[in-house]
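Chemist: Dropping the structure in here first, questions after.
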Amino acid sequence: METDFRGLIRTLSQAGVEFIVVGGAAAIGHGSARLTSDLDIVYRRTPENISRLVSALAPLNPYLRGAPPNLPFRWSDETIKKGLNFTLVTSRGALDLLGEITGGGSYDDIVPHSLTLKLHGSECLCLGIEYLIRVKRAAGRPKDFEAIAELEAILEERQQANNQNLKANSSSQ
1 METDFRGLIR
11 TLSQAGVEFI
21 VVGGAAAIGH
31 GSARLTSDLD
41 IVYRRTPENI
51 SRLVSALAPL
61 NPYLRGAPPN
71 LPFRWSDETI
81 KKGLNFTLVT
91 SRGALDLLGE
101 ITGGGSYDDI
111 VPHSLTLKLH
121 GSECLCLGIE
131 YLIRVKRAAG
141 RPKDFEAIAE
151 LEAILEERQQ
161 ANNQNLKANS
171 SSQ
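Just so you know, the sequence shown maps onto residues 1 to 173 in our numbering.
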């Protein structure tokens with residue numbers, strides 16, 4: 001099943017869920033050409049936000065990705081409170097709910113390093129490119145090293161464009 005990124009982001013946003021897009025989807029938001037098959041989000045772990053998250057996703061029938069079909073799984077506030085990170089499959093595709101990320105921490109830790117981007121037609125918080133590089137490096141997975149190289153090239157290109165704009169603005173004054 002292909003992941004409906006637009007639908008998942010819209011569902012979470014419309015329910016008022018506090019979340020930050022990280023991983024491959026955030027990289028795409030910064031201009032990456034790499035593909036990703038799931039939506040990775042860091043969610044705020046307050047009781048109110050967990051309740052909004054559970055209510056928003058309940059109609060999408062979330063289930064643990066890769067788990068046997070007969071494994072009992074109860075989608076509830078209590079389940080989310082007792083766990084931290086969940087790799088789910090929903091009727092809209094793959095969704096990774098992350099209470100914390102390696103090299104970054106929790107929602108409250110990474111929100112200062114995030115910015116609002118338009119992603120799949122909806123505005124949402126995405127991890128900033130410098131911090132995204134940092135957490136991908138901390139994760140240390142082989143697939144992340146390729147993504148890091150691309151993100152660093154995008155960042156360098158942006159910095160060069162900003163420097164050229166600064167020079168153009170200062171010479172026109």
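For each residue, glycine too, the CB sits at the ideal point set by N, CA and C.
#1: CB-CB under 8 Å to Thr116, same chain, minus the five flanking residues each way: which ones, in chain order?
#2: With a threshold of 16 other CB atoms inside 10 Å of the CB of Glu48, please say whether the residue is buried or exposed.
#3: Return the bridge partner residues of Leu132 from the DSSP annotation.
#4: Grouping DSSP H, G and I as helix and E and B as strand, with all else coil, what is Asn61?
#5: At least one CB of chain B closer than 8 Å to the CB of Tyr131: is that the case?
#6: Which residue comes first and which comes last in the alpha helix (DSSP H) that contains Phe5?
#7: Would the beta-carbon of Lys81 fall within 8 Å of that of Ile50?
#8: By the three-class DSSP mapping on this structure, what secondary structure does Thr36 have?
#9: What residues match up with Thr79 in a beta bridge as DSSP calls it?
#10: Quick one: residues in its chain with C-beta nearer than 7 Å to the C-beta of Tyr63, no 5 flanking neighbours on either side, listed in chain order?
#11: In three-state DSSP terms, what is Phe86?
Modeler: Answer, in terms of the structure:
#1: Glu123, Cys124, Leu125 and Cys126
#2: exposed
#3: The partner list for Leu132 (beta bridge, DSSP) is empty, contrary to what the question assumes.
#4: coil
#5: Protein chains in the displayed structure number just one, and chain B is not present.
#6: Phe5 to Gln14
#7: yes
#8: coil
#9: Answer is none; Thr79 lacks a bridge partner.
#10: If we look at Tyr63 and ignore the five residues flanking it on each side, its Cβ neighbours are Phe73, Leu88 and Val89.
#11: strand
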